[in-house]
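Numbering (our numbering), first residue to last: 3 to 106.
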Amino acid sequence: MRVLTASLVGNPLPGHIKVTVFMDGLRVGPARTQLFRVQASTMEEAIQIALQEEYSHKQARTPATVWQSNPTYGGAPTGSPGNGATNGPVPMDLGMAEQSDIRC
């Protein structure tokens, strides 16, 4: 183990090896997928791409209730009293639905 540690200190790993090990350490998800697409050449570039992709993914997963209830985005909370109309989605009445001519 000491020999291995000493060789790593004296001979640092090449950049492409560091990127490969970093990619293997990421969990399967959007950041790892994007890194495989882009094929980063440096460790700094790989980290930057992974951080950007994680941020984008978190922004895309923002719950819809945040957008509906935030007045900044022009929405009132669904079902709130107003001028009689709601800005949110209206549930469909499926009680009168009939099955007709389905082919597989």
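Ideal Cβ positions, reconstructed from N, Cα and C, are used throughout, including at glycine.
If you're wondering where the values come from, they're calculated on a predicted model, not measured in any experiment.
The Cβ atoms of residue 42 and residue 56 do not sit closer than 9 Å to each other. Annotated as proximal: residue 25 and residue 37, with beta-carbon spacing under 9 Å. Residues of the same chain with a CB within less than 6 Å of the CB of residue 23, apart from the 5 flanking positions on each side, do not exist. Between residue 48 and residue 21, the C-beta gap is smaller than 9 Å, which places the two residues in contact. Per DSSP, the unbroken alpha helix (DSSP H) holding residue 35 starts and ends at 32-40. Put simply, the backbone Cα of residue 13 is about 29 Å away from that of residue 39. DSSP places residue 15 outside any alpha helix (DSSP H), giving it a letter other than H or E.
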